[in-house]
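In the working numbering, the protein residues as written are 58 to 216.
Note that the Cβ used here is the ideal one computed from N, Cα and C, for glycine as well.
Accompanying notes for the structure given below.
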Ligand SMILES: CC(C)(COP(=O)(O)OP(=O)(O)OC[C@H]1O[C@@H](n2cnc3c(N)ncnc32)[C@H](O)[C@@H]1OP(=O)(O)O)[C@@H](O)C(=O)NCCC(=O)NCCS
């Protein structure tokens with residue numbers, strides 16, 4: 058589905074009251090989820106934490122750290138609840154993050170993905186992200202560690 062066709066998707070800033078619903082999704086969506094403490098830290102540090110609602114239900118969230126002085130936005134978390142995946146929501150959120158990065162003058166959007174997450178890798182590549190590196194043993198696994206693929210999207214600020 059085209060991201061432009063996501064019906065009734067409404068973004069708003071994440072608040073403390075959202076943390077339990079966000080964690081319920083995080084725990085179902087990832088093999089090794091973030092802890093609630095990490096999620097709260099992101100909120101308090103002042104990262105750009107957004108939730109996305111559809112028909113009054115929380116269907117996804119994103120966490121972005123922006124370093125405007127170096128012109129970089131770093132996507133730390135982008136997640137759609139399992140029952141809403143595959144309907145264009147992830148692409149819609151990603152496009153919105155890129156547009157916001159462009160508006161704040163960023164020249165590059167960065168993120169990491171697990172090689173074992175083909176859906177995410179496909180989404181990022183199809184959105185124009187290119188792999189620029191690999192961090193060895195970056196992610197924890199239930200047993201052992203997994204590399205991270207580092208992706209970057211150059212933003213054309215001339216638009
Ligand atoms: C990765 C994630 C954000 C994608 O969001 P989504 O709403 O499911 O994805 P979309 O429906 O917008 O699809 C976007 C693209 O992802 C890929 N994709 C989606 N579902 C797929 C599937 N079942 N198999 C293969 N590719 C798939 C396709 O490239 C798709 O584009 P297309 O429909 O034009 O072919 C979502 O699946 C998710 O939250 N997963 C768990 C958390 C996670 O892994 N986050 C990313 C961390 S790096």
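query, result
"Contact check, residue 175 vs residue 204, beta carbons under 9 Å", "no"
"Contact test: residue 67 Cβ vs ligand 1 heavy atom, cutoff 8 Å", "no"
"Own chain partners of residue 65 with C-beta closer than 8 Å, once the 5 adjacent residues on each side are dropped", "111 and 112"
"Residue 123 burial status per 10 Å Cβ neighbour count (16 or more: buried)", "buried"
"Counted within 10 angstroms of its Cβ, other Cβ atoms place residue 59 as buried (16 or more) or exposed", "Because residue 59 sits at a pLDDT of 48, beneath the cut-off of 50, its placement in the model cannot be relied upon, and the point is left open."
"Residues sharing a beta bridge with residue 134, DSSP", "120"
"Whole-number beta carbon distance between residue 185 and residue 168, since they are thought to touch under 8 Å", "Not a contact, Cβ separation roughly 12 Å."
"Residue range of the unbroken alpha helix (DSSP H) whose run includes residue 180", "175-183"
"Member of 138, 128 and 144 whose CA lies at the smallest distance from the CA of residue 160", "128"
"Residue 119 and residue 105 closer than 9 Å at C-beta", "yes"
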